[in-house]
Structure formats: C-alpha cells, structure tokens
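Going from the sequence shown to this note's numbering is simple: count from 1 and add 34.
Using N, Cα and C, we set each Cβ at its ideal position, and we do this for glycine too.
None of the values given here were measured: they were computed from a predicted structure.
A short worksheet on the structure shown next.
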Amino acid sequence: MKASASSFKAGCIKRNFFKTGADVIFVLGNVDTKDFSVKATHTIKENKLANVVGVLPGKKLKEEYVIFSGHYDHIGVGKPENGDSIYNGANDDASGITAVIELAKHFQAQKNNERTLIFAAFTAEEVGGFGSQYFSKQLSPEKVIAMFNIEMIGTDSKWGKIQPISPATKKPAWEIFFKKI
Ligand SMILES: [Zn+2]
C-alpha cells in the first residue's frame, strides 16, 4: 500500500480529533492487486466553542465544590423526520440545562449555601464530550464533593421512578442533601 505524505498526515490529524478506530480499505475486483495508492482529502474547520459556567461562592466551605451540570448542544441537522431535519434537543438536553438554570436561581435566592456551587452548561457533548472533558481538567478532583449531571429529564425515566431513600431517616436522600449543601 502506498499513501501520499499529505493524505497520511491529514488522516493522522483527523484521527486525533475524532477517534474512530482504524481505517478500512476495500479493493474490489477479479484481479489480484498487489499495489494500490490512496489519496484522501480532509477539510478541518475550527469552531470556537465555550462552556457557560456560573459560581455561587460558599458561605463557609469555599474550597468545597458541588457541581450541577448539563450540556447545551444537540446533534444539529440530520435525516428529516416528518419533513423537519433540525434536531432541536428539547429533552436532550435543554431539559437538563433548564434544571441547572432553575437550581442556580433557587440557590442564589436562598443565599445560604455553605459550599461553593458551580453551575455548568457544557458545549460539544454530542460530538465527543469535549466541553465536559475540558471542564473536568480545570478543577482539583479532591475539592469536588458532589456532581449532578442532569440529562434528559423532560420525559419519564425508562428505568421507572426511583427515589433514593436515606436508610437512617427514611426520607428522600435529596431532601437531606439540600439541607446540608
Ligand atoms: Zn445528552
């Protein structure tokens, strides 16, 4: 197999950005092919994207973080369904982002969070989790007490309605958690 230097280089660049595994080439025909060459062209376009993050500093435990997050992108334009090719992503994950915004408003009004609360809307999730990966490298993991990534809450869960109950108090775990946040 011969591949030109430029096609090889472009292939490497693409593979670094989009990890898709090995390339597969099929040579079809009745002749036993010994040599063939491949020339490929890639166009790489850079888009500037940003996570959107809000912080409510803790009243007492400033160096302990509780994170609420979701992703604000969806998959864009695809195969039309009923003539509509725009995938709006109302459930995946505008519903999660709405929850993050409402939680931010709630805790800002309460003004009693002991720990630092971080509200994060991630970009480029559907193409490979790029926004959340970048975000995860900006914090020391030992400072993160809890993280709630909120995903597709616009419909009932396919696993049923499950509510964790504290074995000690027999009350919903969420209720206890929010009292101590
Ligand atoms: Zn999602």
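Look at Glu136: its beta carbon is at least 6 Å from all of the heavy atoms in ligand 1. Assigned with DSSP and collapsed to three states, Tyr168 falls in helix. DSSP places Leu62 in the coil class of the three-state scheme, outside both helix and strand.
Looking only at Gly117, Lys93 and Asn122, the smallest Cα-Cα distance to Tyr106 is reached by Asn122. Relative to ligand 1, the beta carbon of Asp69 is positioned no closer than 6 Å to any heavy atom. Gly104 is bridged by DSSP to Ala155. For Pro201, the secondary structure class from DSSP, reduced to helix, strand or coil, is coil. Relative to ligand 1, the beta carbon of Glu97 is positioned no closer than 6 Å to any heavy atom.
Excluding its 5 nearest sequence neighbours in each direction, Gln197 has C-beta neighbours in its own chain below 6 Å: Pro206, listed in chain order. Per DSSP, Phe141 is one residue of the alpha helix (DSSP H) stretching across Ser129 to Gln144. Ala154 sits buried, since 16 or more C-beta atoms from the chains shown fall within 10 Å of its C-beta. With a threshold of 6 Å, the Cβ atom of Asp107 does not count as near ligand 1, since no heavy atom of the ligand is closer than that. Around the C-beta of Ala158, 16 or more other C-beta atoms lie within 10 Å, and the residue is accordingly described as buried. Ranked by Cα distance from Val178, the options Lys192, Val61 and Gly92 are led by Gly92.
Taken through DSSP and simplified to helix, strand or coil, Asp126 comes out as helix. For Asp126, the shortest separation between its Cβ and any heavy atom of ligand 1 lies below 6 Å. Going by C-alpha positions, Glu209 is about 23 Å away from Lys192. Under the 10 Å beta carbon count, Ser200 is surrounded by fewer than 16 other beta carbons and is classified as exposed. Taking C-beta separations shorter than 8 Å and ignoring five residues to either side along the sequence, the partners of Glu97 in its chain run Thr150 and Lys177, following chain order.
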